[in-house]
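S.K.: So the protein lines, in turn, are chains A and B. Once you know that position 1 of the first sequence is 6 in the numbering used here, the rest is easy, because the numbers rise by one and skip nothing. Once you know that position 95 of the second sequence is 96 in the numbering used here, the rest is easy, because the numbers rise by one and skip nothing. Even glycine gets a Cβ: it sits at the ideal position worked out from N, Cα and C. Note that this is a predicted model, so its numbers are computed, not measured.
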Amino acid sequence: MTADSKEIFAKLSELLAPFNSKNIELKPDTEISTDLNIDSVSVMDFVMEVEDHFDIDIPLNVLADTHTMTDMVKVVEQRLAQGGSS
Amino acid sequence: MIDLFDKHHHTIERHSRMLQMGSDVVGLASTQMLSPTRAIIDGRETVLAGTNNYMGITFEEDCIAAGKKALDEFGTGTTGSRIANGTYGLHRELEQELAGFLGRKHCIVFTTGYQANLGMMAGLAGPKDTIFLDADSHSSIYDGCTLSGANLVRFRHNNATDLEKRLARHDPESGGRLVVLEGIYSMVGDRAPLADFVEVKKRQGFQLLVDEAHSFGVLGPNGRGLADEAGLESDVDFIVGTFSKSVGAIGGFGAGDHPQFDAIRYSSRPYMFTASPSPSSAATSIAAVRKLKAEPERRARLADNSKRLFDGFHALGLETCCDTVSPVIAVKCPDELAAIVMWNALLKAGVYVNIAVPPAAPNNLCLLRCSVSAAHTHDDIDLIIKLFGEVVASGAVAVSA
Ligand SMILES: Cc1ncc(COP(=O)(O)O)c(C=O)c1O
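1. Checking the sheet assignment: what are the DSSP bridge partners for B:H107?
2. Could you give the uninterrupted runs of the beta strand (DSSP E) lying entirely in the stretch 303 to 375 of chain B, keeping only those of 3 residues or more?
3. Just the Cα atoms here: how many angstroms apart are B:H9 and B:P297?
4. Determine the DSSP secondary structure at B:L150, reduced to helix, strand or coil.
5. Let me know the secondary structure DSSP gives A:L31 once reduced to three states.
6. Could you tell me the distance, in whole angstroms, from the CA atom of B:S36 to the CA atom of B:G127?
7. Give a yes or no on whether the C-beta atoms belonging to B:V110 and B:F254 are separated by under 7 Å.
8. Should B:H158 be counted as a contact of ligand 1 given a C-beta to heavy atom distance under 6 Å?
9. Give, in chain order, every residue of the stretch 52 to 65 of chain A whose Cβ lies closer than 9 Å to some Cβ of chain B.
10. Run the proximity test for B:A357: is its beta-carbon closer than 6 Å to any non-hydrogen atom belonging to ligand 1?
11. Rounded to whole angstroms, what's the CA-CA distance from A:T35 to A:T75? Just pull it up for me.
12. Starting from B:A196, trace the alpha helix (DSSP H) both ways and give me its first and last residue.
13. Quick check: is any heavy atom of ligand 1 less than 6 Å from the C-beta of B:A304?
14. Are there any heavy atoms of ligand 1 lying less than 6 Å away from the beta-carbon of B:E213, as far as the coordinates show?
15. Return the residues of the stretch 147 to 172 of chain B that lie within a Cβ-Cβ distance of less than 9 Å from chain A, sorted by chain order.
16. Between A:M74 and chain B, is there a C-beta pair that is closer than 7 Å?
17. Chain A beta carbons: is any one of them nearer than 7 Å to that of B:V400?
18. Rounded to whole angstroms, what is the Cα-Cα separation between A:M49 and B:K69?
19. Could you list which residues in chain B have their beta carbon closer than 9 Å to that of A:N42, in chain order?
20. Using the C-alpha atoms, what's the distance from B:S141 back to B:D135?
21. Quick one: give me the first and last residue of the beta strand (DSSP E) that A:I37 is part of.
22. Taking 6 Å as the limit between beta carbons, can you name the residues of its chain near B:D137, skipping five residues before and five after?
23. Taking 7 Å as the cut-off, decide whether the C-beta atoms of B:L182 and B:V211 are in contact.
24. Can you check DSSP and say which residues form a bridge with B:A185?
25. Work out the CA separation of A:T71 and B:P271 for me, nearest whole Å.
26. What residue range is occupied by the uninterrupted alpha helix (DSSP H) comprising B:F75?
27. In chain A, which residues lie less than 9 Å from B:A136 when you measure between Cβ atoms?
28. Tell me where the alpha helix (DSSP H) around B:V290 begins and ends.
29. Along the stretch 341 to 360 of chain B, where does the CB come closer than 9 Å to a CB of chain A? Name the residues.
30. Does the beta-carbon of B:G232, which I'm using as the reference point, lie nearer than 6 Å to any heavy atom of ligand 1?
31. Check whether the Cβ of B:S31 sits closer than 6 Å to any heavy atom of ligand 1, and report yes or no.
32. Once you ignore the five residues that flank B:A283 on each side, which residues in its own chain have a CB closer than 6 Å to its CB?
33. How would you call B:A295, buried or exposed, if buried means at least 16 neighbouring beta carbons within 10 angstroms?
34. Suppose the cutoff is 7 Å on Cβ atoms and the five residues either side in sequence are ignored; what does the same chain contact list for B:V237 look like?
35. According to DSSP, simplified to helix, strand and coil, what is B:T52?
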C-alpha cells in the first residue's frame with residue numbers, strides 16, 4: 006500500500022468502528038459486510054460517512070463490486086481522483 | 002458443493018431464536034377477517050393495529066359488489082400482460098379515475114405498488130442518469146433503482162441540504178436527474194419536508210418523484226397525498242401509489258403530466274412482463290377511489306383516531322419516532338429482544354401491531370409500529386392505548402425477558 010492508501014485504510018477503519026460491534030480486526034482482505042455481519046443498510050450508512058468525510062460521492066451501483074477493505078480504499082482513491090463527481 | 006442456503010444461516014438462526022420466544026412474527030396467519038379492524042389470529046379475536054388499512058375500506062358493500070360483478074363479467078384473472086391481452090376496460094377506467102382524482106394528465110396502473118416503483122424507476126431512469134434517493138426509502142424504490150441501471154446516490158433522510166450538496170457535486174450535463182421521496186415514510190411515519198426539497202429543485206434542477214404509498218387518500222384537502230397537503234403538486238413531476246393501503250385492494254400506479262408519460266408503458270419491464278391486476282381487484286379499486294373522493298369524512302376520522310392514539314401513547318410516556326401525528330405511529334423499544342417479547346405479549350392480550358427491526362427499520366431502531374384506520378372506533382384506540390400501557394409502558398414484560 007502507498008502512504009495515501011494506508012491513510013485511507015486507517016480513516017476507513019475509524020469510520021467503520023461504530024458499525025463493527027464485535028470489534029473484529031480489520032485487515033485489507035476483510036469483507037466488510039460478510040466478515041463483520043453488517044446488514045445492507047448499515048453498509049450504506051457506513052458508505053455515507055465515508056462520502057461525507059472525503060467529500061465524494063460513491064454511487065451505490067459502484068458498491069456491487071466492492072467487498073473488502075482494499076476494494077473500498079480503491080473506490081475512495083478513484084472517486085478522489087475524479088474530483089468527487091458521480 | 003456449496004449449498005445455496007449456507008449464506009442464509011444468520012437469518013435462519015435469527016428466525017429460530019424469535020420462534021422460541023412465541024408466535025412467528027413473519028409467519029402469522031389471520032384465519033378469518035371479521036372486519037377491517039378485527040381478525041381471528043391463533044384462534045383468538047384480535048384488534049388489528051398494523052394493517053395499513055388507513056381508510057378501513059376493505060369491507061364496503063359497494064366495493065364488494067363491484068368486485069363480484071367484475072368476477073362474473075370478466076372472470077377470475079386476466080392471464081396476460083398489460084401490453085398483450087391483459088388490459089381490460091376496467092384497467093383503463095381505473096387509470097382515468099385515478100388521473101381525475103389526482104388532477105394529473107396521465108396514469109399507469111401496475112400489478113402491485115412494488116412493481117409500480119420498479120416500473121417507474123426503470124421507466125424513467127437509465128444507465129447515464131442519476132437517481133438521488135432518500136436513505137430511508139422503501140425497498141421497492143431501492144430495487145427499482147437497481148433495475149434501472151442508473152447511478153444511485155443516497156442522501157441523508159429528509160435532509161434537503163444534504164441532497165443539495167450531492168447535487169452540486171454531480172455534473173448535470175452527464176445525464177438526467179431524478180430525486181425520489183416518500184410522502185409518509187412507512188416505518189416511522191414522518192413526512193418529507195417537501196417545501197425544502199422544492200427550493201433545492203428550483204436552484205439545482207431535477208425531476209421529482211414522490212411515492213405517496215402511505216399518504217395517498219390520507220393527506221391533503223383532496224386526499225391526494227403530501228404534495229396536496231403542502232400545496233406543491235405542480236412542483237412534483239411524478240407520483241407513485243399503491244392500492245394495498247388506502248384503496249384496500251392490490252395494485253399500484255404511477256402518474257404525471259409529462260406529455261411523453263405513456264412511453265413508460267413500452268419501456269418498463271415491470272409493466273410489460275407480468276400479468277395485469279385481476280378484474281375484481283381493478284373493479285374494487287375503482288369503487289374505492291370514488292369513495293375516497295365522495296367521503297372526505299374518512300380522512301377526518303383517520304386524523305382524529307391518529308391524534309387520539311398519538312396523545313394516548315405520549316400520556317403513557319412512550320417514545321414515538323416522530324413528533325408529528327400521522328396514521329403510522331411507531332413506538333421505540335430498547336432492543337430486538339424486548340421488541341419481540343412485547344409484540345408477543347400484545348398479541349396475546351388481543352392486539353396485532355407490526356414489529357420492525359433493522360435493516361427494515363432505519364437507524365438501528367427496534368419498533369412496535371401501529372397503523373391507524375378510519376374504521377377504528379374510539380374504544381378500539383383506547384384499548385390499544387390500555388394494552389400498550391400494560392405491556393410496553395410498565396416495563397414489566399421487558400424486565401421479565
Ligand atoms: C413506501 C412504499 N412504497 C411501495 C410499497 C409497495 O406497495 P405494494 O404493497 O402495493 O406492493 C409499500 C408497501 O408495501 C411502501 O410502504
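M.R.: This is what the structure gives:
1. Looking at the DSSP assignment, B:H107 forms a beta bridge with B:G257.
2. DSSP runs (the beta strand (DSSP E)) wholly in the stretch 303 to 375 of chain B: 329 to 334, 355 to 357 and 367 to 372.
3. Rounded to the nearest angstrom, the gap between the Cα atoms of B:H9 and B:P297 is 47 Å.
4. Going by the sequence as given, residue 150 of chain B is Gly instead of Leu. Coil, per DSSP.
5. Taken through DSSP and simplified to helix, strand or coil, A:L31 comes out as coil.
6. One C-alpha to the other measures close to 44 Å.
7. Yes, they are a contact pair.
8. No, the Cβ of B:H158 stays beyond 6 Å of every heavy atom of ligand 1.
9. Only V52, M53, E56, D57, D60, I61, D62, I63, P64 and L65 from the stretch 52 to 65 of chain A bring a Cβ to less than 9 Å from some Cβ of chain B.
10. No, Cβ of B:A357 sits at least 6 Å from all heavy atoms of ligand 1.
11. One C-alpha to the other measures close to 8 Å.
12. For B:A196, the uninterrupted alpha helix (DSSP H) run begins and ends at L195 to Q205, by DSSP.
13. The beta carbon of B:A304 sits no closer than 6 Å to any heavy atom of ligand 1.
14. Incorrect: B:E213 has no Cβ contact closer than 6 Å to ligand 1.
15. Going along the stretch 147 to 172 of chain B in chain order, one finds T147, G150, A151, N152, L153, V154, R155, F156, R157, D163, K166, R167, R170, H171 and D172 with a Cβ nearer than 9 Å to chain A.
16. Output row for A:M74: interface = no.
17. Any answer about B:V400 is weak, because its pLDDT of 43 lies below 50 and its placement is not dependable; what the coordinates show is given next. Using beta-carbon distances, B:V400 does not count as an interface residue toward chain A, since no partner is under 7 Å.
18. If you draw a straight line from the Cα of A:M49 to the Cα of B:K69, it comes to about 46 Å.
19. In chain order: H11.
20. About 13 Å.
21. Here A:I37 belongs to no beta strand (DSSP E); instead the alpha helix (DSSP H) covers I37 to L41.
22. If you ignore the 5 residues before and after B:D137, its C-beta comes within less than 6 Å of the C-beta of H158, Y186 and P363, all in its own chain and listed in chain order.
23. With a cutoff of 7 Å on beta-carbon distance, B:L182 and B:V211 are scored as near each other.
24. Reading off the sequence, residue 185 of chain B comes out as Ile, not Ala. DSSP lists B:R192 as partners of B:I185.
25. Here the alpha carbon of B:P271 sits roughly 28 Å from the alpha carbon of A:T71.
26. Taken as a continuous stretch (DSSP letters only), the alpha helix (DSSP H) holding B:F75 covers E62 to F75.
27. Neighbours of B:A136 on chain A, chain order: V46, M49, D50 and M53.
28. B:V290 -> alpha helix (DSSP H) spans P280 to A295.
29. Answer set for the stretch 341 to 360 of chain B: P359 and P360.
30. At a threshold of 6 Å, B:G232 does not count as near ligand 1, since its beta carbon sits no closer than that to any of the ligand's heavy atoms.
31. Flag unset: Cβ of B:S31 not near ligand 1.
32. Closer than 6 Å at Cβ, skipping near neighbours: L91, H92 and L95.
33. So B:A295 ends up on the exposed side.
34. Non-local beta-carbon contacts of B:V237 in its own chain, meaning distances under 7 Å to residues more than five positions away in sequence, involve L209, V211 and A228 in chain order.
35. In the displayed model, B:T52 falls within coil according to three-state DSSP, outside both helix and strand.
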